[in-house]
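S.K.: Here my numbering is used: the first residue of the sequence shown is -18, the next is one more, and so on. To start, I am sharing the structure in question, which I have written as structure tokens.
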Amino acid sequence: MSAGGDLAMDNGKNREEDGACTSPEIVNDAASNCCAIPKLASQCENGEASEVNYGGLIRSNSRPSTGGGSDDVNLLSPNNSRSSMSQTQSPTHLSPARQRVAAAAEVLCTPEELDEVGAFFDEHSAAIERWFRERAPVDVICKLQSITGVGGADQLSKSPRSPHRASVTSDLFQQWLASSPVKKCRSPTSRSSISNRSHLADLDEGELFMELIRDVANELDIDVLCHKILVNVSLLTHADRGSLFLVKGPPTGKYLVAKLFDVTQNTPLDEAVRRAKQDELIIPFGVGIAGTVAQTNETINIKEAYQDPRFNSEVDQKTGYKTNIILSMPICNYEGQVIGVAQIINKTNGSPEFTERDTEIFRRYLTFCGIGIQNAQLFEMSVQEYRRNQILLNLARNIFAEQNNLECLVTKIMTEARELLKCERCAVFLLDLDCGEAQNHLERMLDRPEKSHQTLSRRTSHNVDVEEVVKQQQKSSSARFTMIFELGSNSPSAANISRPSVNDLNSSTLAQIAEYVASTGETLNIHDVNEWLKDKPIYHPQQQQQPQQQPHSHPSQHQADGQGQGTSGGTGTDDLSAKNLLCMPIVNGQQAVIGVAQLINKENDLQFTSCDISIFEAFAIFCGLGIHNTQMYESACKLMAKQKVALECLSYHATAPPDQTLKLVNDAIASAEEYKLYSFKFIDFDLDDDDTCRAAVRMFLQCNLVQQFHIPYDVLCRWILSVRKNYRPVKYHNWRHALNVAQTMFAMMKTGKMERFMTDLEILGLLVACLCHDLDHRGTNNAFQSKTDSPLAILYTTSTMEHHHFDQCVMILNSEGNNIFQALSPEDFRTVMKVVESAILSTDLAMYFKKRTQFLELIEGGEFDWQGEEKKEVLCGMMMTACDVSAIAKPWEVQHRVAKLVADEFFDQGDLEKLQLNTQPVAMMDRERKDELPKMQVGFIDVICLPLYKVLSDTFPWIRPLYDGTMDNRQHWQDLAEKVEMGLTWIDHDTIDKPVEEFACEIVDHLIILDRDKK
């Protein structure tokens, strides 16, 4: 038998009978190595070793050197010499077995290589035939069957296999996956070094060389393989220690990573691996000795290390070791590409240099090692791919298991993404896909289909300039994020998820990059954020072109400084600056962008590779499906809640009866002076219910809105009556309160001269908003809706009642015969509905505090022009709040009567909280603390009313009466609070016909009389 056959049998003793290669990439790559066989065969003719990669394992064939020089290495012992055989058989005289081999060659090789491969197969027929019996993939054998007509698969598989042969069995593969990165489960034949070195001394040079080749031939653990290579090379060359570097990175940015560094023959494997990972050394191509070898693919033999400028002496300074001589050589795959660099230093026998013989031995051994390393890397890639697939499958399970809570789903997604792609931080930005509650209602009212979101084109870009981001932001403002989640490296749980506020986006470069990705659909892979910015900070439109002071800051940084409004604490990584990032759009099933996923800072200061992009893209698809499904689920829940609310409202409310409408149409409407509509001291107590409706009609007539916007008079009357009917008979937030708010707005427009700042369309919208701002009020506030988990709280998460009031307003306008906007153009209709929505939502005191800050900033900046859209919205919001709380500025007789109505309504809610929730209500709703009301009224005036009326009256002097009336009532409440502290109460009585001070004096006089009678 030929030497090749002997070696095939020797190296084929460790495969298990039922094992199969788990990774198809390994088998395919091994089959592709057949093209390298002719080249290696020519090396054998010259006495050089050749290697053949069979099924992921090394097969080594060699011929004794015929040169006879002293420096040549006899790779085979005499016992392994080649036996004679015919080398001149033509293909037409081949045996059936060789004919099958020739057919295989036609399948695996190109036509140009067929003759050369065929000649080699003739020379090594036994080894090739054995390979087909034992290792050929089933699909290859099936192809041979169709060509040769012989039954191959079952016959070839009948040959006996050695029970000692190493293979990647299913059990071994699962053990490998379950093991730790350092201490993996090894196969029985995996050794950190040759187990018995004592017999090596008895081997000659060729036998030693072959034994060391066998030692690495079947090893698929890359750590063990590299350790064996260094130990065996040290044995062959008598080197003191060695290092092995592997090539990493994309084709345009390759670098070396020290797989094992400074390993001696006695260094344990675990210690070598731990040390290499603890002090991971990264060397760019062309830097240092190893980097130069990798770049030039040439061997470097240095006799005086400290005399070479490429040598880095810092390692010696750290370790205390003296490097004298260095031999560094590239490790190549079968295509001649550099996949690593091996480096040995110093000789143990004291030799002053590595000889040419050492270099030749080193080169020949690394020839075999290159294929072994590539096979091990392919196996490692298959393991990594398996783990990635498991993570994606786990993500899919989480998506289907977590469909009712978006925040929990996003938290799981970010945790999986950070684990999968090994980054420090992960952020998810979700887009605002609807244009507000008003837009949805408008589309329905106009009977127009909602606009579908445009599918954005997706293209990968690695070199987007920062100026493109700025231009895209200035050009389009469609990408608006409503929810932002961030997970840092120290945030394993949802409790530590950071929720930066929308305001924080204004000062975040990373958020603006996310906006760019959402708008363009591009995937951005920025290797160096600081270099990418190049002192060109991104400008944000909402900051009026003010440059960012910290171009790479993140919203969480501002949150950590106390500036953010996030809902949870920081993640502990807020001080990390962005070094590199990978940003990709998240799309739904219709390929529309619904958000952006962002990975920040690859671990170990590495960069995100093209492989990371591919994995992240697959990951983003899962994320998009999960987020879309969850949003659909939440939308379904909201629709069900909306349906429940609608049915409840429809069961209670109805349009005004025709007879009431006809009566109001025919009634005479008194003048505005008669109703005292121009006065800030308007009192509705003397008006009956019909008079209140007539007064409302007069305000529309007096503002010339009926004629200006062609409102049919009967439609206006029916609408006002329907609005009155849709107010519930609660004690304070009823129709009369709405009329008072509308009258105050009318007085501000006319008497306060605010109409000069408003258009007729805005005046119409504000009057409608005032009359509708508390529609269907239940006598309970937003907090109560949230505590009781009412359908309204599910439907509207913020400004719950205010959103419901606006929806009721739209419902009435949609009712037949009630659309007072029917004559408006579509553009005017949208404008007035936007005014109505904004004005009603502004009656939420939480919105008031936000707009008051904006209003003060405008006033302090000397603002006199209120015609801008945003400035007008702020002004209207302040006016709505001023009208909503205007009862505090009424004459004292009216104010303390209204205060009792408010208190009674609050106490009713407090009673409900005790009954339904079994909780203690706050002081102003606790009936048992009713005597504290005067003191609480003083606090309400100081916190809400006085600051509001003060800034308005200072800016618009004509509405000064509101401020003066509030100051007068504050003094009354302060006096009453002092009397309460003396033991006098006022709220025990159902009605108060006199001022409270007179009532208190009567009590004092009565006590004095009683005291006299006792005496």
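By construction, the Cβ of each residue, glycine as well, lies at the ideal position given by its N, Cα and C atoms. Note that the structure is a prediction, hence the values are computed from the model and not measured.
Just checking, does the region 265 to 277 make contact with the region 316 to 331 on the three C-beta pairs under 8 Å criterion?
M.R.: Enough Cβ pairs lie closer than 8 Å, so yes.
S.K.: Taking only the alpha-carbon atoms, compute the straight-line gap between Phe242 and Cys207 and give it to the nearest angstrom.
M.R.: Whole-angstrom Cα-Cα distance: 10 Å.
S.K.: Does DSSP classify Glu26 as helix, strand or coil?
M.R.: Low confidence applies here, because Glu26 scores a pLDDT of 39, under 50, leaving its location unreliable; read the following figure in that light. It is helical.
S.K.: How many angstroms separate the CA atom of Gly223 from the CA atom of Ile264?
M.R.: Looking at the two C-alpha atoms, the distance is approximately 16 Å.
S.K.: Decide if Met963 is buried, meaning its Cβ has at least 16 other Cβ atoms within 10 Å, or exposed.
M.R.: Exposed is the call here.
S.K.: Distance check for Trp700 and Asn569, CA to CA, integer angstroms please.
M.R.: Distance between the alpha carbons of Asn569 and Trp700 is about 42 Å.
S.K.: Report the CB separation of Lys712 from Glu886 in whole angstroms; it is logged as a contact under 8 Å.
M.R.: Their Cβ separation, rounded to whole angstroms, is 4 Å, which keeps Lys712 and Glu886 in contact under 8 Å.
S.K.: With a threshold of 16 other CB atoms inside 10 Å of the CB of Ser489, please say whether the residue is buried or exposed.
M.R.: Burial call: buried.
S.K.: Kindly provide the ranges of any alpha helix (DSSP H) runs that are 4 or more residues long and lie completely inside the region 374 to 418, ordered along the chain.
M.R.: Those alpha helix (DSSP H) runs which fall completely within the region 374 to 418 and span 4+ residues are 387 to 402.
S.K.: What separation, rounded to the nearest whole angstrom, lies between the Cα atoms of Gly301 and Cys407?
M.R.: For Gly301 and Cys407, the distance between alpha carbons rounds to 42 Å.
S.K.: Among all the DSSP beta bridges, which residues are the ones paired with Pro566?
M.R.: Bridge partners of Pro566: Val577.
S.K.: Could you name the residues of the same chain whose beta carbon sits closer than 8 Å to that of Thr936, not counting the 5 residues immediately before and after it, in chain order?
M.R.: Only Ile840 meet the Cβ criterion.
S.K.: Based on the DSSP output, what are the partners of Met464 in its beta bridges?
M.R.: Leu411.
S.K.: If you run the structure through DSSP and keep just helix, strand and coil, what is Met646?
M.R.: The question names Met, but residue 646 is Val in the sequence shown. Three-state result, Val646: helix.
S.K.: Report the start-end ranges of each alpha helix (DSSP H) in the region 920 to 950 that is 4 residues or longer and not cut off at the edges.
M.R.: Fully enclosed alpha helix (DSSP H) runs of 4 or longer: 927 to 936.
S.K.: When DSSP labels each residue in this structure, what does Ser819 get in the three-state scheme?
M.R.: Helix, per DSSP.
S.K.: Just to confirm before moving on: does the CB-CB distance between Gly746 and Val687 stay below 7 Å?
M.R.: It is not a contact, given that the beta carbons lie outside the stated cut-off.
S.K.: Please report the straight-line C-alpha distance between Phe690 and Arg709, rounded to a whole angstrom.
M.R.: If I take the Cα positions, the gap works out to 30 Å.
S.K.: Tell me the rounded alpha-carbon separation between Thr583 and Asn356.
M.R.: Before going on, a small fix: residue 583 reads as Lys here, not Thr. Near 27 Å, if we compare the C-alpha coordinates of Asn356 and Lys583.
S.K.: Could you please give the first and the last residue of the uninterrupted alpha helix (DSSP H) stretch that includes Pro772?
M.R.: Note, Pro772: alpha helix (DSSP H), 772 to 776.
S.K.: Which residue comes first and which comes last in the alpha helix (DSSP H) that contains Thr504?
M.R.: That residue, Thr504, is in no alpha helix (DSSP H); its beta strand (DSSP E) goes 503 to 507.
S.K.: At 4 residues or longer, what runs of the alpha helix (DSSP H) sit wholly inside the region 181 to 246?
M.R.: Segments of the alpha helix (DSSP H) lying fully in the region 181 to 246: 186 to 198, 203 to 218.
S.K.: What residues in its chain sit with their C-beta under 8 Å from that of Arg941, if we drop five residues either side in the sequence?
M.R.: Counting only Cβ-Cβ distances below 8 Å, and skipping sequence neighbours, we find Ser934.
S.K.: Tell whether a beta-carbon distance below 7 Å holds between Ala239 and Leu262.
M.R.: Yes, the pair counts as a contact, with Cβ atoms nearer than the cut-off.
S.K.: Can you check whether the CB of Ala728 is closer than 7 Å to the CB of Tyr659?
M.R.: Contact: yes.
S.K.: Report buried or exposed for Lys393, applying the criterion of at least 16 other Cβ atoms within 10 angstroms of its Cβ.
M.R.: Buried: at least 16 other Cβ atoms inside 10 Å.
S.K.: According to the Cβ coordinates, are Met730 and Cys864 closer than 7 Å?
M.R.: Cβ atoms of Met730 and Cys864: not closer than 7 Å.
S.K.: Given 8 Å as the limit, is there contact between the region 301 to 315 and the region 336 to 347, that is, 3 or more CB pairs closer than that?
M.R.: With the cut-off at 8 Å, the region 301 to 315 and the region 336 to 347 touch.
S.K.: Please list, in chain order, all residues of the same chain as Met680 whose beta carbon is under 8 Å from its beta carbon, the five residues on each side excluded.
M.R.: Excluding residues within five positions, the ones whose Cβ falls inside 8 Å are Ala653, Leu658, Ala723, Gln724, Phe727, Leu748.
S.K.: Exposed or buried, which one is Thr504 when buried takes at least 16 other CB atoms within 10 Å?
M.R.: So Thr504 ends up on the buried side.
S.K.: On the CB-based measure, 16 or more other CB atoms within 10 Å of its CB, does Ser823 come out buried or exposed?
M.R.: Buried is the call here.
S.K.: With three or more beta-carbon pairs closer than 8 Å as the criterion, would you say the region 595 to 615 touches the region 372 to 387?
M.R.: The region 595 to 615 vs the region 372 to 387: in contact.
S.K.: Please confirm whether Trp939 and Gly760 have their CB atoms less than 7 Å apart.
M.R.: Not in contact: Trp939 and Gly760 (Cβ atoms no closer than 7 Å).
S.K.: Tell me, please, whether the region 774 to 782 touches the region 659 to 673 by the rule of three or more beta-carbon pairs shorter than 8 Å.
M.R.: No: fewer than three Cβ pairs fall under 8 Å.
S.K.: According to DSSP, is Ser703 helix, strand or coil?
M.R.: Helix.
S.K.: Looking only at DSSP bridge pairs, what is Lys583 linked to?
M.R.: According to DSSP, Lys583 bridges with Cys404.
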